[in-house]
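Visitor: In terms of mature numbering (1 follows the signal peptide of the UniProt record, and there is no 0), the sequence shown is residues -25 to -1, 1 to 88.
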Amino acid sequence: MKSKISALIAIAAAMIAASAVSTHAEDLTFKLINGTNSVLTRFYSSPTGVDEWEEDVFGENVLDPGETMDITIADGRTVCKYDMRFEFEEGSNLATTEDSQDLCAMGSYTIHE
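1) If you reduce the DSSP assignment to three classes, tell me which class L15 lands in.
2) For the candidate residues E73, E1, D31, whose alpha-carbon lies nearest to that of E88?
3) Whose C-beta lies closer than 6 angstroms to the C-beta of S67 among residues of the same chain, with five residues either side of it excluded?
4) Whole angstroms are fine: how far does the CA of T11 sit from the CA of D50?
5) Pull up the DSSP beta-bridge partners for M44, would you.
Shown next, in the form of structure tokens:
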């Protein structure tokens, strides 16, 4: 009986801790503006210090020259500084570009040639 009560208390404590963490994590949102003359085909972001890129934020979409896209990073993390990687259409004269920014502090980001 005691072990069942202890297990229930442990489960309840874990649920409370998980809900407390999720209430502090906020989605990061900003506008991404393609200020180049090339189609932006892939956009990756990962918290600074993470060694691998996360999934392509665009999925099946692309960002044409001069267009703007609302970006939401809803990864549940509480960090603000992210590394970003931009890949352009094949045959473009633009190389893959990487940058780091505090995404919590910016409302928009324009990628230039």
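All residues carry an ideal CB built from backbone N, CA and C; glycine is no exception.
Guide: The structure says:
1) L15: strand per DSSP, three-state reduction.
2) Selected option, being the one with the closest Cα: E73.
3) Within the same chain, and ignoring the five residues on either side of S67 in sequence, the residues whose Cβ sits closer than 6 angstroms to its Cβ are S13.
4) 28 angstroms
5) Answer by DSSP bridge pairing, in chain order: L7.
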